[in-house]
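So the sequences go chain by chain: L and Z.
109 is the number that numbering that gives the first Met the number 0 gives to position 110 of the first sequence; each next residue is one higher, with no gaps.
70 is the number that numbering that gives the first Met the number 0 gives to position 71 of the second sequence; each next residue is one higher, with no gaps.
See structure below.
There are 2 protein chains.
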Amino acid sequence: MEPIKVTAKCPIRTTLELLGGKWKLLIIFQLKDGTKRLSELKKGIPDISEKMLIQELKKLMDSDLVTRKNYGEVPPKVEYSLTVAGMAVLPLIEQLKRFGEVYIASRQIPSL
Amino acid sequence: MEPIKVTAKCPIRTTLELLGGKWKLLIIFQLKDGTKRLSELKKGIPDISEKMLIQELKKLMDSDLVTRKNYGEVPPKVEYSLTVAGMAVLPLIEQLKRFGEVYIASRQIPSL
DNA sequence: TACAGTACACACCTTTTTGTAAGTATGGAA
DNA sequence: TTCCATACTTACAAAAAGGTGTGTACTGTA
């Protein structure tokens with residue numbers, strides 16, 4: 000169990016560190032409806048590489064935003080889901096999403 | 000006037016492209032109370048380099064989130080401020096900030 | 001004359017992030 | 001025996017992001 004390190008001093012930066020990068024928010028978004036296996040996550044994010052997916056899942060677990068359950072079976076079965084802290088990210092993603100939608104829409108009427 | 004390019008297909012990714020990186024949100028946050036000069040922005044974000052600041056301001060201008068006003072004086076005077084679209088980012092930042100605060104607070108009571 | 005102040009540009013370098021391709025372990029099915 | 005599925009790991013390479021240092025333009029001021 001690693002000590003969680005949060006180097007930044009201001010809360011905006013903290014969040015940026017926790018959630019920054021190309022994939023973390025997309026992974027959390029995939030888990031919004033509950034538990035998923037690695038292979039399911041891959042399907043949900045078609046252009047992520049397996050390495051990236053696992054790597055980012057690990058970071059999210061280190062930050063205590065995602066949990067992992069290993070069934071210890073063969074072939075392996077592992078399930079990922081959001082922690083309470085992870086669920087707290089969902090409304091944030093919703094806002095990001097809405098912002099993107101509005102932004103895109105406004106671009107399509109450049110006459111404004 | 001460059002055509003604004005938004006390569007991503009989903010609104011979350013669009014937003015991530017617009018606002019991702021280490022500095023953009025911090026710059027927008029600095030502009031929340033109105034117009035600022037470059038030197039003032041630097042003061043507000045002590046550890047950003049001049050190059051990064053200008054570079055990121057340019058990207059924000061390309062995305063139409065920030066505007067620039069050049070007074071054409073010598074020594075140069077230039078002012079930056081948020082566009083309407085840029086102001087729409089502020090509530091988003093507020094949420095990020097609150098998330099960070101809650102996250103940090105929860106870490107300080109690890110007994111939970 | 002030398003220097004200060006302001007908003008940049010440019011060259012170069014380091015670090016971080018992301019991607020690619022291969023390999024590992026295991027038991028059951030063919 | 002060979003192959004499959006699954007969740008990884010590892011080594012390596014490419015690309016993106018970020019940082020440092022220097023230079024430019026111009027005018028006023030000491």
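Glycine is no exception: its CB is placed at the ideal position from the N, C-alpha and C atoms.
As the structure is a computational prediction, the values presented were derived from the model and not from experiment.
{"query": "Contact set between Z:I92 and chain L, taken where Cβ atoms lie within less than 8 Å", "result": "I11"}
{"query": "Collapsed DSSP secondary structure at Z:Y79 in the structure displayed", "result": "strand"}
{"query": "Contacts around Z:A84, its chain only, beta-carbon distance under 6 Å, and the 5 residues preceding and following it disregarded", "result": "D63 and L64"}
{"query": "Cut-off 6 Å between Cβ atoms - residues of its own chain near L:Y70, not counting five sequence neighbours on either side", "result": "K76"}
{"query": "Per-residue DSSP class, three states only, for L:V73", "result": "coil"}
{"query": "For Z:V101, the three-state DSSP class (helix, strand or coil)", "result": "helix"}
{"query": "Proximal chain Z residues relative to L:S105, where beta-carbon distance stays under 8 Å", "result": "A84"}
{"query": "Closer than 9 Å at the beta carbon, the chain L residues around Z:L40", "result": "Residues of chain L passing the Cβ test: none, with the nearest at roughly 15 Å."}
{"query": "Where Z:K35 sits in the DSSP three-state scheme", "result": "strand"}
{"query": "Start-to-end residues for the alpha helix (DSSP H) that takes in L:P10", "result": "P10 to L18"}
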